[in-house]
Amino acid sequence: MGGLTTSRERVPAAAWDALRTDAVRYGSALAGFHNVNYMLPEAAGHAQLLGVAAGTPVKVRLARKGLKVVERSWADEGAILRALDRTAAVSNTPRYYGGSDGISVHEYVAGTALSELCPPGKPLDPIHLDSIVGQLALFTEVSATDLPPLPAGWVPDGDSRAFLKARADFAEREVRAANWADYGDLFTALEIPANALRVLRDRRPPLRSRPFALLHGDLHRHNMIARPDGELTIVDWELAMWGDPLHDLAIHLVRMRYPADQRWEVVERWRVAVRPEFSVGLERDLPEYVNYERAQSLFADTLRAAHGLADVPAPGAVGAAVSRIRNALHLAAGPLRLSRVPSRTEVERALLRWVRGRRSRRALAA
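No gaps in the numbering here: position 322 of the sequence shown is 322 in this note's numbering, and each next residue is one more.
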């Protein structure tokens with residue numbers, strides 16, 4: 001790390017550019033769909049910029065440009081982390097050191113991703129289960145006044161039905177419809193109707209009113225770091241929002257891929273851990289949120305899988321994409337009332353046909 005650029009004397013824009021350069025040059029990279037994270041073992045010459053000691057390890061997050069398949073209530077993840085740092089209600093979140101224009105710097109949390117210790121489908125150790133449920137319960141203790149201002153026109157507190165409708169409207173408008181021109185042929189080949197999300201949205205039943213709470217929005221095994229003391233630190237808060245806590249619980253249950261018996265143990269533990277008003281109507285309403293999460297994930301996962309394939313896919317890339325899409329189809333078949341789930345061979349043919357079509361369209365546009 002002795003070659004790190006010294007940026008103390010630079011103007012802020014140049015300082016962030018230097019940090020970006022050093023992160024890519026010296027950092028250990030971990031790519032995600034929305035960001036590429038670079039782990040620097042020390043802040044070195046960037047310490048003054050970040051307000052930390054020179055030997056402090058940091059995580060540098062560089063935003064990736066790509067498809068819009070997720071909803072962001074707050075554009076600035078740093079504002080969320082700063083707010084959480086000010087409140088004692090939520091613990092075990094990384095500190096935010098600063099950022100600018102597509103780059104943000106967070107505390108580096110030493111430990112191992114929970115996904116490495118316990119892959120999806122495997123039951124969690126009781127100490128980790130305790131930590132997860134405890135932190136989910138603490139989210140409900142955060143006040144809206146502790147957080148950044150909500151976007152204009154946000155759903156009124158407690159209106160769970162309007163909250164779920166707003167999420168479904170976003171998925172239909174910004175995920176499905178916005179990408180249909182480029183990906184519609186693929187969805188059609190997979191026998192996914194264009195109106196599937198609208199039909200699901202329009203037949204949703206009335207939901208019970210519950211107080212709104214802080215939601216992480218993406219709580220799964222990759223976003224939890226197991227520290228040596230057994231506690232879990234929750235990272236990647238960019239999809240956080242304010243809303244019905246059953247939405248966050250449903251996202252967590254779907255994306256964690258618990259074994260069936262542990263999934264319902266989590267639900268019961270959560271019910272006991274929160275104040276009664278937050279679990280009103282849980283038996284009826286939680287399945288509605290789970291169904292919505294599985295349905296919208298079909299569109300998001302299919303878009304991500306297809307978008308990630310180059311014109312000449314790398315070995316194994318097509319198989320991984322097919323597996324992701326087929327799993328999403330199975331989970332969404334019930335909620336979307338799909339007539340059938342295409343076979344693995346049919347999914348692969350549809351995907352490769354779409355890739356060839358994209359290649360042809362690019363050649364014509366060149």
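Yeah, the Cβ is synthetic: ideal placement off N, Cα and C, and Gly gets one too.
Nearest-angstrom Cα separation, counted from Pro287 out to Ile367: As displayed, the chain neither begins before 1 nor continues past 366, which places residue 367 out of reach and without an answer.
Pick from Pro123, Arg61, Ser73: whose alpha carbon is nearest that of Trp264? Closest by alpha carbon: Pro123.
Where does the unbroken beta strand (DSSP E) through Lys59 begin, and where does it stop? It spans 58-63 - the beta strand (DSSP E) in which Lys59 sits, taken as one unbroken run.
Taking C-beta to C-beta, are Gln23 and Leu50 nearer than 8 Å? Residue 23 is actually Ala in this sequence, not Gln. Not a contact, by the Cβ cut-off of 8 Å.
Boundaries of the alpha helix (DSSP H) in which Glu293 is found, first to last residue: From DSSP, the alpha helix (DSSP H) with Glu293 extends over 282-307.
Just how far apart, CA to CA, sit Glu231 and Leu239? Taking the straight line from one Cα to the other gives about 22 Å.
Evaluate contact between the stretch 255-275 and the stretch 314-322, counting only Cβ atoms and requiring at least three cross-stretch pairs below 8 Å. No contact exists between the stretch 255-275 and the stretch 314-322.
Hey, would you say Leu298 sits closer than 8 Å to Ala332, going by beta carbons? Yes, they are a contact pair.
Val133 and Arg269 closer than 8 Å at C-beta: By the CB criterion at 8 Å, Val133 and Arg269 fall inside the cutoff.
Rounded C-beta distance between Leu215 and Leu164? I'm assuming under 8 Å. Contact flag wrong, Cβ pair sits at about 13 Å.
Residue range of the unbroken beta strand (DSSP E) whose run includes His222: Careful: His222 lies outside any beta strand (DSSP E) and carries neither H nor E.
If distances are taken between C-alpha atoms only, which option among Tyr96, Asp76, Ser100, Thr345 comes closest to Asp17? For the residues Tyr96, Asp76, Ser100, Thr345, the minimum Cα distance to Asp17 belongs to Ser100.
Rounded to the nearest angstrom, what separates Asn327 and Tyr38 at their Cα positions? The straight-line gap from Cα to Cα measures roughly 30 Å.
Determine, using beta carbons only, whether Thr233 and Pro94 come nearer to each other than 8 Å. Yes; because the gap between Cβ atoms is below 8 Å, this pair is in contact.
Anyone know if the C-beta pair for Ala63 and Ala54 falls short of 8 Å? Going by beta carbons, Ala63 and Ala54 fall outside the 8 Å limit.
Please give the ranges of any alpha helix (DSSP H) in the stretch 4-49, keeping only runs that are unbroken, at least 4 residues long and fully inside the region. DSSP runs (the alpha helix (DSSP H)) wholly in the stretch 4-49: 12-26.
Let me confirm a value: Ser160 is counted as buried when at least 16 other C-beta atoms fall within 10 Å, else exposed. Which label applies? Residue environment: Ser160 is assigned as buried (16 or more neighbouring CB atoms within 10 Å of its CB, all protein chains considered).
Spatial neighbours of Ala83 in its chain, beta-carbon cut-off 7 Å, leaving aside the 5 residues before and after: Closer than 7 Å at the Cβ level, and outside the excluded window around Ala83, lie Asp146, Leu147, Pro148.
With Trp354 and Leu186 assumed to form a contact (beta carbons below 8 Å), what rounded beta-carbon distance in angstroms separates them? Sure, about 4 Å apart at Cβ, within 8 Å.
Alpha carbons only, please: which of Ala162, Gly153, Ile192, Arg61 is nearest the one belonging to Leu338? Taking each of Ala162, Gly153, Ile192, Arg61 in turn and checking the Cα distance to Leu338, the smallest one comes out for Ile192.
How many angstroms separate the CA atom of Leu367 from the CA atom of Ala226? No answer is possible for residue 367: the residues shown for the chain start at 1 and end at 366.
Between Ala314 and Ser323, what straight-line distance do the alpha-carbon atoms span, to the nearest angstrom? Whole-angstrom Cα-Cα distance: 15 Å.
Have a look at Leu219, Leu67, Val235, Trp242 and flag the residue whose alpha-carbon is nearest the alpha-carbon of Arg152. The sequence shown places Ala at residue 152, not Arg. The shortest Cα separation from Ala152 among Leu219, Leu67, Val235, Trp242 belongs to Trp242.
For the alpha helix (DSSP H) that Leu117 lies in, which residues bound it at each end? Leu117 -> alpha helix (DSSP H) spans 114-117.
Which residues bound the beta strand (DSSP E) around Ile127? Element bounds for Ile127: not the beta strand (DSSP E) but the alpha helix (DSSP H), 126-139.
Quick check for students: name the residue ranges of the beta strand (DSSP E) that lie wholly in the stretch 51-101, counting only runs of 3 or more. Taken in chain order, the complete beta strand (DSSP E) segments of 3 or more residues contained in the stretch 51-101 are 58-63, 96-100.
Hey, would you say Val155 sits closer than 8 Å to Ala213, going by beta carbons? No, they are not a contact pair.
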